[in-house]
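Mapping the sequence shown onto the working numbering, position 140 (from 1) lands on 123, and the numbers just tick up by one.
Some notes on the structure that comes next.
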Amino acid sequence: MKREVLAAANDLQCGGTTGLCPPRVELDDGGYYQYSVIQKAMWQFWRAGWNKIGKVAGDDNLYTVINGEPVDGDHHGTYQLWSKRRIDQYNAAVECLLVPSAISKKMFFTRGTPAHSGVGFDVEDQVAQEFGGYKRKSHQKIELTIQGNRFLFAHHGPSPGLRDHTWGNLIRLELRDQFNKAIKQGRKPPQYFVWAHFHQKVYETLTIDYKGKEFTMHGYIVPGWQLGSAYISRRIKGEDSFEIGMLYFVIEDGRVTHHWIVDRRDTTERVDL
């Protein structure tokens, strides 16, 4: 029996006052930033999540993908930063990533948005070098094949949808498009697509008849590790709470199962008068 585990996390947004943060970070001027109450809860959930994945993997190989944006950067005129220095944010991200690194056989890194990671994605490359990522750099996309199953990771992908009745439509259309492009090029597409960026948990499937057999494709958007920033609140309209979490797959004798580790936090002030 062959068994392996593949985990994905993204959008740590280290450096933001609503992003993932270790308990205390040293600043350039000799002072310190101490995580907030909400960041403490995220930090504990982050550690608990990787502890669970480590137990699931046991002595089997665990591969981890950090699917973009380990740091928040200095973006969109935000005031919600505990430091604008990318080196400070980088140091915090490294401390956070020591948690999965301690249990992973190999780590892989993709590139997020230049507004967060820098025009040249230097922070993501530095993090990849620190943790021995594939070719010691980050990648726009990376495809991993495990026991014949192909997993495509990219930070940017389709939107989950803006309305409840359109939720998932663009993901299914993207899967269909990926299938059509692959067939035209004389190849089969990956079965699993894992995206990030939208800070929401989404899962959709598409089953297509391929040469008389059913071929099923799976599309995932994995939530990030940032709660209720002013920018995110503007972009995710109509939401009264935010999700954080990660996704992992167990691949056993060629069969794949997926598992979420997700927490939802209500950020709406509710007052009874």
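Just so it is clear, CB atoms sit at the ideal spot from N, CA and C, and this is done for glycine as well.
Query - Within 8 Å, strictly: CB atoms of Arg68 and Asp147 - result: Looking up residue 68 in the sequence shown gives position 85. Looking up residue 147 in the sequence shown gives position 164. Not a contact, by the Cβ cut-off of 8 Å.
Query raised in the report: When burial is assigned at 16 or more other CB atoms within 10 Å of the CB, is Ser224 buried or exposed?
Result: Along the sequence shown, read from residue 1 onward, the residue named residue 224 stands at position 241. Per the 10 Å Cβ criterion, exposed.
Query raised in the report: Identify the residues that DSSP records as bridge partners of Phe198: which are they?
Result: If you number the sequence shown from 1, residue 198 lands on position 215. Partner(s): Ile191.
Requested in this report: Please go through the same chain and pick out, in chain order, the residues whose beta-carbon is closer than 8 Å to the beta-carbon of Val110, but skip the five residues on each side of it.
Outcome: Locating residue 110 in the sequence shown gives position 127, where the first residue counts as 1. Leaving aside the five residues that flank Val110 on each side, the residues in its chain whose CB is nearer than 8 Å to its CB run, in chain order, Ile49, Pro53, Tyr73, Ala76, Val77, Leu80, Phe92, Gly116, Ser121.
Report task. Have a look at Thr1 and Leu127 and give me their C-alpha separation to the nearest angstrom. Result -> For the purposes of this step, residue 1 is taken as the residue at position 18 of the sequence shown. For the purposes of this step, residue 127 is taken as the residue at position 144 of the sequence shown. Roughly 31 Å between the two C-alpha positions.
Query raised in the report: Helix, strand or coil for Lys118 per DSSP?
Result: Mapped onto the sequence shown, residue 118 falls at position 135. Note: Lys118 maps to helix in three-state DSSP.
Query raised in the report: What three-state label does DSSP hand Thr149 in the structure shown?
Result: Walking along the sequence shown from the start, residue 149 turns up at place 166. Three-state result, Thr149: helix.
Report task. Per DSSP, which residues does Arg248 bridge with? Please list them. Result -> Here residue 248 is taken as the residue at index 265 of the sequence shown, counted from 1. In DSSP, Arg248 forms a bridge with Phe225.
Query raised in the report: What does DSSP give as the partner residues of Glu9 in its beta bridges?
Result: For the purposes of this step, residue 9 is taken as residue 26 along the sequence shown, with counting starting at 1. For Glu9, which the question treats as bridged, DSSP gives the partners Tyr15.
Query raised in the report: Any idea if Gln(-4) is buried or exposed, counting beta-carbon neighbours within 10 angstroms, 16 or more meaning buried?
Result: Counting from one through the sequence shown, the residue named residue -4 turns up at place 13. Classification of Gln(-4): buried, given that the 10 Å Cβ count is 16 or more.
Query raised in the report: In three-state DSSP terms, what is Ala(-9)?
Result: For the purposes of this step, residue -9 is taken as residue 8 along the sequence shown, with counting starting at 1. It is a strand residue.
Query raised in the report: For Tyr46, which beta-bridge partners are listed by DSSP?
Result: As a first step, residue 46 must be located in the sequence shown, where it is residue number 63. DSSP output for Tyr46 lists Leu(-11), Lys89 as bridge partner(s).
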